[in-house]
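Engineer: What follows is a single structure, and I will ask about it in a moment.
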Amino acid sequence: MSAPAPSPLAIVDAEPLPRQEEVLSETALAFLAELHRRFTPRRDELLARRAERRAEIARTSTLDVLPETAAIRADDSWKVAPAPPALEDRRVEITGPTDRKMTINALNSGARVWLADFEDASAPTWENVVTGQLNLIDAYTRSIDFTDERTGKTYALRPDEELATVVMRPRGWHLDERHLTDADGTPVPGALVDFGLYFFHNAQRLLDLGKGPYFYLPKTESHLEARLWNDVFVFAQDHLGIPQGTVRATVLIETITAAYEMEEILYELRDHASGLNAGRWDYLFSIVKNFRDGGPKFVLPDRNAVTMTAPFMRAYTELLVRTCHKRGAHAIGGMAAFIPSRRDEEVNKVAFEKVKADKDREANDGFDGSWVAHPDLVPIAMESFDRVLGDRPNQKDRLREDVDVKAEDLIAIDSLDARPTYAGLVNAVQVGIRYIEAWLRGLGAVAIFNLMEDAATAEISRSQIWQWINAGVVLDNGERVTAELARKVAAEELANIRAETGEEAFAAGNWQQAHDLLLKVALDEDYADFLTLPAYEQLKG
């Protein structure tokens, strides 16, 4: 007797959307239900394991490589699968959410890759989750266009050969999708929803286009989490009759624990891996989160003072390049988040010089590509990598055997000669309130002070406030960071926003709600693992 069909998933607390049935067909929901049945219990176990590991770090204030995986690191014979042609050259990648205008602009940007983001650059309203999938389907069928109602400008795709290759980023393992539940009322993990719908609708279509279903995996904290993803890929390919090894995954090394397991992560995904990425802001957030009670030696200065040339950040990026190239994988560099000003050319000139220096350094260090947040930065990054790569698609032949990073180098936070400042506290509050307010309106990628901010920058902002208060940090002006000082700065910022926007716009926004939520996650004694967890409870739609 055959096994009973999995219980269908219920769509709850969600207003029906135009064309929703195209994405959430019965067969697509049955596929999601099977992913949920097979893999959510292991996801839950791994989330519990995160908490246990964090408790161990709190007890020891240290991290090291895993003794039980020494044989994997010592075995020089294994490599990841060869890159498919569409991912051989990744010298410039643009990132952004999957709204209709961004989909067209990113594909047309001239970048080799577009990171189509359902994660930190997207607030997971039901509309964003569903229409983001529709926009990608429409892009692949070339049935996408967009007209800006405000300007009347129309947007359409360039010829196929000029379009960026899509690498889609689903949500992290920790986030659920509250609008999709099983028969017991248990929500499906957002990661499985985003991956499952994209794979179900597009895997064969992408193969027909000469590409494939490619993914960025966020917030990974261990090789066991990478193993779970690999098992999801194996099942999904078998279930839908897609050849094994079609999926390719690039893992963001954006947690401090993952930095100690880079080789193991590549090993677990070796049949599906295409590279690792150095994700700066989430990496700093992870350091603060894990070592938040480790005393003064783990206190980070202002986030903008922590450049990629800081000794502990340099150790991380150099180790990443060496690890990737040793195993035949691409090493992808960090984000250039600057948003060009249409009004201030001097601001642009200074920022462009910084972006160029950053991309020059990455290309010279052996990275095979790097990220930008705005189409205007594509030519700058392209020039840096063109100069080093020439006609070669990558520089994986640069093995960087000169790099020798010790375990302690990755957490030598006190090697950075910089201290927290009052201006840094103000900036953390400003970015936190302004970003959270936009997120609660359904916007995940927001230009603030000429920088593209996403959930990762809001995380580092609130985490630094929390850390500075709990470590009793004294700022450059002699003031000690306290809850009272944070509240004072937040009240001043709220008043400034009210004056800046005007009463009507202020009342129409979520400013007070964002202010209150920032202070909650920055001041609560019980540190929330992710800002987006309590924020999701307040997200409408």
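Position one of the sequence shown corresponds to residue 1138 (the working numbering), numbered consecutively onward. Just so you know, even glycine gets a beta-carbon here, dropped at the ideal spot from N, CA and C. Quantities reported herein were computed from a predicted structural model and do not represent experimental measurements.
Using the rule of at least 16 other Cβ atoms within 10 Å of the residue's Cβ for burial, across every protein chain shown, is residue 1400 buried or exposed?
Structural biologist: Counting from 1 along the sequence shown, the entry for residue 1400 is found at position 263. Buried, since its Cβ has 16 or more Cβ neighbours within 10 Å.
Engineer: Nearest to residue 1288 by alpha carbon, out of 1180, 1232, 1238, 1352?
Structural biologist: Your numbering for residue 1288 matches position 151 in the sequence shown. If we check each option's Cα against that of residue 1288, 1238 comes out closest.
Engineer: What distance in whole Å lies between the Cβ atoms of residue 1339 and residue 1274, which are believed to be in contact at a cut-off of 8 Å?
Structural biologist: The residue given as residue 1274 occupies position 137 in the sequence shown. The residue given as residue 1339 occupies position 202 in the sequence shown. Contact flag correct, Cβ pair sits at about 7 Å.
Engineer: Threshold first: 3 residues or longer. Then list the beta strand (DSSP E) segments lying entirely within the region 1574-1659, N to C.
Structural biologist: 1583-1585, 1588-1590, all fully within the region 1574-1659.
Engineer: For the beta strand (DSSP E) that residue 1233 lies in, which residues bound it at each end?
Structural biologist: Stepping through the sequence shown from its first residue, residue 1233 is reached at position 96. Residue 1233 -> beta strand (DSSP E) spans 1229-1234.
Engineer: Just tell me which of 1534, 1538, 1501 has its CA closest to the CA of residue 1518.
Structural biologist: Position 381 of the sequence shown holds residue 1518. Of 1534, 1538, 1501, the residue nearest in Cα terms is 1501.
Engineer: Ordered along the chain, which non-local residues of its own chain (more than five positions away) have a Cβ less than 6 Å from that of residue 1354?
Structural biologist: Here residue 1354 is taken as the residue at index 217 of the sequence shown, counted from 1. Hits under 6 Å: 1366, 1386, 1388.
Engineer: Going by beta carbon distance, what residues of the same chain come within less than 8 Å of residue 1381, once the five residues before and after it are set aside?
Structural biologist: Your numbering for residue 1381 matches position 244 in the sequence shown. 1371, 1374, 1375, 1408.
Engineer: Give every residue of the same chain whose Cβ lies closer than 8 Å to the Cβ of residue 1631, excluding the five residues on either side of it in the sequence, and list them in chain order.
Structural biologist: Position 494 of the sequence shown holds residue 1631. Hits under 8 Å: 1570, 1648, 1649, 1652.
Engineer: Taking 7 Å as the limit between beta carbons, can you name the residues of its chain near residue 1622, skipping five residues before and five after?
Structural biologist: Here residue 1622 is taken as the residue at index 485 of the sequence shown, counted from 1. Taken in chain order, the residues that qualify are 1616.
Engineer: Give every residue of the same chain whose Cβ lies closer than 7 Å to the Cβ of residue 1461, excluding the five residues on either side of it in the sequence, and list them in chain order.
Structural biologist: Taking the sequence shown and counting its residues from 1, one reaches residue 1461 at position 324. Only 1412, 1413, 1467, 1468 meet the Cβ criterion.
Engineer: Under the rule that 16 or more other beta-carbon atoms within 10 Å means buried, what is residue 1431, buried or exposed?
Structural biologist: Here residue 1431 is taken as the residue at index 294 of the sequence shown, counted from 1. Label assigned to residue 1431: buried.
Engineer: Could you compute how far the alpha carbon of residue 1220 sits from the alpha carbon of residue 1553?
Structural biologist: For this step, residue 1220 is matched to residue 83 along the sequence shown. For this step, residue 1553 is matched to residue 416 along the sequence shown. When rounded, the distance between both Cα atoms is 37 Å.
Engineer: What residues match up with residue 1207 in a beta bridge as DSSP calls it?
Structural biologist: Locating residue 1207 in the sequence shown gives position 70, counting from the first residue. Answer is none; residue 1207 lacks a bridge partner.
Engineer: Taking a contact to mean a Cβ-Cβ separation below 8 Å, would you say residue 1526 touches residue 1228 in this structure?
Structural biologist: Numbered from 1 along the sequence shown, position 389 holds the residue referred to as residue 1526. Numbered from 1 along the sequence shown, position 91 holds the residue referred to as residue 1228. Their beta carbons are under 8 Å apart, which means residue 1526 touches residue 1228 by this criterion.
Engineer: Mind checking who residue 1506 pairs with in its DSSP beta bridge?
Structural biologist: As a first step, residue 1506 is located in the sequence shown; it is residue number 369 there, counting from the start. BP columns for residue 1506 point to 1469.
Engineer: Count the CB pairs spanning the region 1484-1504 and the region 1205-1213 that are closer than 8 Å, and state whether there are at least three.
Structural biologist: These segments do not touch.
Engineer: For residue 1253, does the three-state DSSP call read helix, strand or coil?
Structural biologist: Locating residue 1253 in the sequence shown gives position 116, counting from the first residue. Strand, per DSSP.
Engineer: Once the 5 residues before and after residue 1263 are set aside, which same chain residues still bring their CB inside 6 Å of it?
Structural biologist: The sequence position of residue 1263 within the sequence shown is 126, counting from 1. Taken in chain order, the residues that qualify are 1151, 1316, 1678.
Engineer: Going straight from the alpha carbon of residue 1560 to that of residue 1369, what length do you get?
Structural biologist: Here residue 1560 refers to the residue found at position 423 of the sequence shown. Here residue 1369 refers to the residue found at position 232 of the sequence shown. Looking at the two C-alpha atoms, the distance is approximately 45 Å.
Engineer: Would you call the CB atoms of residue 1258 and residue 1591 closer than 8 Å?
Structural biologist: Looking up residue 1258 in the sequence shown gives position 121. Looking up residue 1591 in the sequence shown gives position 454. With contacts defined by Cβ atoms closer than 8 Å, residue 1258 and residue 1591 form a contacting pair.
Engineer: Excluding the five sequence neighbours on either side, which residues of its own chain have a C-beta within less than 6 Å of the C-beta of residue 1593, listed in chain order?
Structural biologist: Position 456 of the sequence shown, counted from the first residue, corresponds to residue 1593. The answer, listed in chain order, is 1257, 1418, 1419.
Engineer: Out of 1530, 1493, 1533, 1523, which has the shortest C-alpha to C-alpha gap to residue 1514?
Structural biologist: Position 377 of the sequence shown, counting from 1, holds the residue named residue 1514. Selected option, being the one with the closest Cα: 1493.
Engineer: Suppose the cutoff is 7 Å on Cβ atoms and the five residues either side in sequence are ignored; what does the same chain contact list for residue 1271 look like?
Structural biologist: The residue given as residue 1271 occupies position 134 in the sequence shown. Contacts found: 1156, 1159, 1160.
Engineer: Just the C-alpha distance for residue 1640 and residue 1292, rounded to the nearest angstrom, thanks.
Structural biologist: Taking the sequence shown and counting its residues from 1, one reaches residue 1640 at position 503. Taking the sequence shown and counting its residues from 1, one reaches residue 1292 at position 155. In a straight line, the C-alpha of residue 1640 is about 34 Å away from that of residue 1292.
Engineer: Quick test of your reading: residue 1464 and residue 1603, contact by CB under 8 Å. State the CB separation rounded to the nearest angstrom.
Structural biologist: Numbered from its first residue, the sequence shown carries residue 1464 at position 327. Numbered from its first residue, the sequence shown carries residue 1603 at position 466. Actually they do not touch by this definition, with Cβ atoms about 36 Å apart.
Engineer: State the Cα-Cα distance for the pair residue 1138 and residue 1166, rounded to the nearest angstrom.
Structural biologist: As a first step, residue 1138 is located in the sequence shown; it is residue number 1 there, counting from the start. As a first step, residue 1166 is located in the sequence shown; it is residue number 29 there, counting from the start. For residue 1138, the predicted model reports a pLDDT of 42, less than 50, meaning its position is unreliable; a value from the coordinates is still stated below. Approximately 24 Å, taken between the alpha carbons.
Engineer: How is residue 1561 classed by DSSP in three states: helix, strand or coil?
Structural biologist: For this step, residue 1561 is matched to residue 424 along the sequence shown. Here residue 1561 sits in helix by DSSP.
Engineer: Going along the chain, which residues of its own chain have a beta-carbon closer than 6 Å to the beta-carbon of residue 1356, five neighbours each way excluded?
Structural biologist: Locating residue 1356 in the sequence shown gives position 219, counting from the first residue. Setting aside the 5 residues that flank it on each side, residue 1356 is surrounded in the same chain by 1309, each with a C-beta closer than 6 Å to its C-beta; the list follows chain order.
Engineer: Taking residue 1252 as the reference, give the member of 1506, 1529, 1547 with the closest Cα.
Structural biologist: Here residue 1252 refers to the residue found at position 115 when the sequence shown is read from its first residue. It is 1506.
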